[in-house]
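In the numbering used here, the protein residues as written are 278 to 846.
Before any comments, here is the structure.
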Amino acid sequence: MTPVLSSDKLIELLIASGRVTDDKVKELTPAARRAHKTVFQVLMERDLVKEDEMIDFMSDHLHIPTLNLASYKIPKEIIRSFPAKIAERYGVLLLSRVNRLLTVATSNPFDLMLLDDIKGLLQCDVTLVLAPPKMIASQVEQYYSESTNLDELIEGIDEDSLEVIGEDKDDDRDGAANATNNAPVVRMVNVILDGAIRARASDIHFEPYEKDFRVRYRIDGALHESFSHAKDIYPAVVARVKIISTLDITEKRIPQDGRFRAIIQGKEVDFRVSILPAYFGEKIVLRVLDKAGLKSGLDKLGFTEKPTAKVGEAIKHPYGMILVTGPTGSGKSTTLYTILGTINTPTRNIMTIEDPVEYQVEGISQTGVRSEVGLTFAAGLRSLLRQSPDIVLVGEIRDGETADIAVKAALTGHLVFSTLHTNSAAGAVTRLIDMGVEPFLIASSLVCVMAQRLMKKTCQFCKVAYEVPADVLRRCHLTAEDMKGIKALKGKGCAKCNGTGYYGRLATVEVFNVDNDIRELIVQRKSSNLIHEAAVKKGMETLFENAFSLFKEGHTTLEEVLRVSATDR
278 MTPVLSSDKL
288 IELLIASGRV
298 TDDKVKELTP
308 AARRAHKTVF
318 QVLMERDLVK
328 EDEMIDFMSD
338 HLHIPTLNLA
348 SYKIPKEIIR
358 SFPAKIAERY
368 GVLLLSRVNR
378 LLTVATSNPF
388 DLMLLDDIKG
398 LLQCDVTLVL
408 APPKMIASQV
418 EQYYSESTNL
428 DELIEGIDED
438 SLEVIGEDKD
448 DDRDGAANAT
458 NNAPVVRMVN
468 VILDGAIRAR
478 ASDIHFEPYE
488 KDFRVRYRID
498 GALHESFSHA
508 KDIYPAVVAR
518 VKIISTLDIT
528 EKRIPQDGRF
538 RAIIQGKEVD
548 FRVSILPAYF
558 GEKIVLRVLD
568 KAGLKSGLDK
578 LGFTEKPTAK
588 VGEAIKHPYG
598 MILVTGPTGS
608 GKSTTLYTIL
618 GTINTPTRNI
628 MTIEDPVEYQ
638 VEGISQTGVR
648 SEVGLTFAAG
658 LRSLLRQSPD
668 IVLVGEIRDG
678 ETADIAVKAA
688 LTGHLVFSTL
698 HTNSAAGAVT
708 RLIDMGVEPF
718 LIASSLVCVM
728 AQRLMKKTCQ
738 FCKVAYEVPA
748 DVLRRCHLTA
758 EDMKGIKALK
768 GKGCAKCNGT
778 GYYGRLATVE
788 VFNVDNDIRE
798 LIVQRKSSNL
808 IHEAAVKKGM
818 ETLFENAFSL
828 FKEGHTTLEE
838 VLRVSATDR
């Protein structure tokens with residue numbers, strides 16, 4: 278597929294469009310020749326013309342369509358058919374093959390020698406689509422690191438490169454266990470765990486289907502497919518995970534929960550294991566609990582200055598209740614453990630009752646709920662209070678009995694920390710009342726409430742200025758005047774962030790400390806809206822305000838602010 282215009286003619290049109298000057302083209306031409314690149318590629322690399330703008334310009338004049346690669350799924354057999362080194366070197370990506378017609382994504386349609394090489398290698402005719410070079414590079418890295426290279430990785434990795442702490446390598450409990458200790462299975466599980474740590478994953482999903490199984494990583498809150506493989510080896514993979522988690526490998530009919538600890542890349546990482554029978558086999562989800570993320574000190578929470586000061590004031594109380602609210606996966610446990618690390622001293626007896634124990638922390642006595650033997654939150658908390666604790670962490674207040682015991686513990690000289698599933702900080706009060714706790718007890722015991730969410734961070738490697746869409750401004754109740762002086766930033770998408778534009782997450786919170794006025798509202802059973810308004814009048818920074826301040830500092834996008842604080846506006 279030959280472009281309808283020559284490179285020189287397209288350069289003339291580019292200059293005529295005003296996107297670049299003739300002098301700049303003459304300046305860049307020698308550098309482009311030395312690098313064996315086109316002037317168009319150099320202009321995009323140096324950001325003299327935006328990638329998207331250049332690709333659209335080339336598409337309009339060369340009559341070659343563009344394609345959003347992030348929304349396109351490439352068949353694995355296509356990836357297998359083309360060497361990764363060539364794809365990386367020339368910045369091309371094979372997309373599909375229909376009979377003898379091959380579709381290739383490129384940002385340089387003038388490289389006719391490369392097109393001839395592809396034709397010769399695969400014995401196909403080639404049709405082109407255009408895509409930005411950074412997006413192509415990101416997709417090449419993703420596909421060639423994820424897909425069929427799994428078998429090569431399995432062959433190349435040492436089965437002893439990952440050490441499971443506490444595993445008995447001579448364990449030969451039965452034939453099934455011994456069968457899963459073969460090198461390929463051990464290597465496969467090691468590759469998957471190692472890949473999760475490298476990708477900053479918070480969860481690993483093993484999902485069986487009729488003919489194969491796939492592994493997905495949850496990165497920055499979103500799932501990304503990582504590996505897939507023929508299903509024949511999946512039973513051995515499941516058994517391997519069960520063995521290192523000390524679970525029953527013969528039981529396949531009921532759910533099982535466990536955990537294990539491994540040394541990966543020189544650091545200890547805990548994995549929480551959940552196994553659930555599904556239609557095509559047992560689905561496994563591993564929660565990655567990297568203790569490196571737990572750091573002592575309120576400044577390590579990542580909160581902005583105002584909420585950090587309020588939390589610091591609250592934890593100075595000798596007794597009372599401090600609550601963290603928010604949906605599942607909003608970082609509540611990490612926040613509480615970080616706070617506990619701040620006040621964990623040899624002079625204090627700190628105890629927890631959790632379901633399950635998330636992080637194992639030295640110097641803290643931790644108990645896991647076991648409902649099947651009667652060890653519920655309420656029963657465990659009752660027994661725990663007989664152990665003379667100074668500080669108590671209740672993993673979650675789920676029912677009235679647990680709430681009542683926790684509140685009374687806070688009134689009798691204990692500093693109690695816990696979590697609730699509510700949408701706002703003020704909502705925690707009405708939730709406790711709904712559970713049957715008397716308002717005067719809540720008013721007397723409650724010290725501080727914080728509501729927390731996790732937002733995706735703008736990728737620092739590819740962030741650029743952008744214009745916030747009008748509908749986003751409207752939904753945030755913002756005007757052009759509100760945005761004056763604010764430089765909105767978003768990630769374009771690069772290899773570091775896998776083309777998503779986001780890299781990492783950060784917390785946004787609203788925190789209020791309970792004073793006499795708010796206690797009076799609680800005793801009067803006022804609604805959460807009135808309590809929220811009172812807290813705002815006393816200086817509480819709302820979720821939206823806190824998230825918006827992070828947006829103004831360039832840490833996230835306004836779309837993320839809207840996502841996490843929609844109920845606040």
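Using N, Cα and C, we set each Cβ at its ideal position, and we do this for glycine too.
- For Asp489, the enclosing beta strand (DSSP E) begins and ends at Asp489 to Ile496.
- According to the DSSP assignment, Ser695 belongs to the beta strand (DSSP E) that extends over Leu692 to Leu697.
- The segment 723–733 and the segment 582–602 touch, with no fewer than 3 CB-CB distances between them shorter than 8 Å.
- For Gln533, the enclosing beta strand (DSSP E) starts and ends at Gln533 to Ile541.
- Within the same chain, and ignoring the five residues on either side of Gly608 in sequence, the residues whose Cβ sits closer than 7 Å to its Cβ are Gln729, Leu731 and Ala784.
- Distance between Pro410 and Ser384, taken at the CA atoms: about 6 Å.
- If you check the CB distance, Gly778 and Lys764 do not come in under 8 Å.
- Within the same chain, and ignoring the five residues on either side of Gly579 in sequence, the residues whose Cβ sits closer than 8 Å to its Cβ are Leu783 and Ala784.
- For Gly543, the closest C-alpha among the options Asp567, Val406 and Phe557 is that of Asp567.
- Looking at the DSSP output, His506 shares a beta bridge with Phe490.
- Beta bridge pairing from DSSP links Lys733 with Arg782.
- When DSSP states are grouped into helix, strand and coil, Ala347 belongs to the helix group.
- The same chain holds no residue with a CB closer than 7 Å to that of Asn793 once the five nearest residues on each side in sequence are set aside.
- For Thr380, no alpha helix (DSSP H) encloses it; the enclosing beta strand (DSSP E) starts and ends at Leu378 to Thr383.
- Assignment of Thr602 by DSSP, reduced to helix, strand and coil, places it in the strand class.
- Counting only the Cα atoms, Phe789 lies some 14 Å from Thr581.
- Taking 8 Å as the cut-off, the beta carbon of Leu372 is found no closer than this to the beta carbon of Ala364.
- Here DSSP, grouped into helix, strand and coil, assigns Ser607 to coil.
- A contact is defined here as three or more CB-CB pairs under 8 Å, and the segment 619–633 meets this definition with respect to the segment 669–688.
- According to the DSSP assignment, Met390 belongs to the alpha helix (DSSP H) that extends over Leu389 to Leu399.
- Less than 8 Å divides the Cβ of Arg536 from the Cβ of Val550.
- According to the DSSP assignment, Thr644 belongs to the beta strand (DSSP E) that extends over Ser642 to Gly645.
- Going by DSSP, Ile292 is part of the alpha helix (DSSP H) stretching over Ser284 to Ala293.
- Val515 has no beta-bridge partner at all, per DSSP.
- Ser479 counts as buried, since at least 16 other C-beta atoms from the protein chains shown sit within 10 angstroms of its C-beta.
- Taking Lys815 as reference, the option from His594, His698, Lys583 and Glu635 with the minimal CA-CA separation is Lys583.
- Looking from the CA of Lys519, the closest CA among Ser503, Phe483 and Ala499 belongs to Phe483.
- Around the beta carbon of Lys303, fewer than 16 other beta carbons sit within 10 angstroms, so the residue counts as exposed.
- For the 8 Å CB-CB criterion, Val706 and Ile641 do not form a contact.
- Between Ala308 and Val326, the CB-CB gap reaches or exceeds 8 Å.
- Just measuring C-alpha positions, the residue of Gln801, Gln737, Val813 and Pro342 sitting nearest Thr834 is Gln737.
- Per DSSP, the continuous alpha helix (DSSP H) segment holding Thr585 begins and ends at Glu582 to Ala591.
- At least 8 Å separates the beta-carbon of Val403 from that of Pro342.
- If you draw a straight line from the Cα of Arg796 to the Cα of Lys577, it comes to about 30 Å.
- Look at the segment 304–331 and you find these whole runs of alpha helix (DSSP H), each 4 residues long or longer: 316–322.
- For Ala742, the enclosing beta strand (DSSP E) starts and ends at Lys740 to Ala742.
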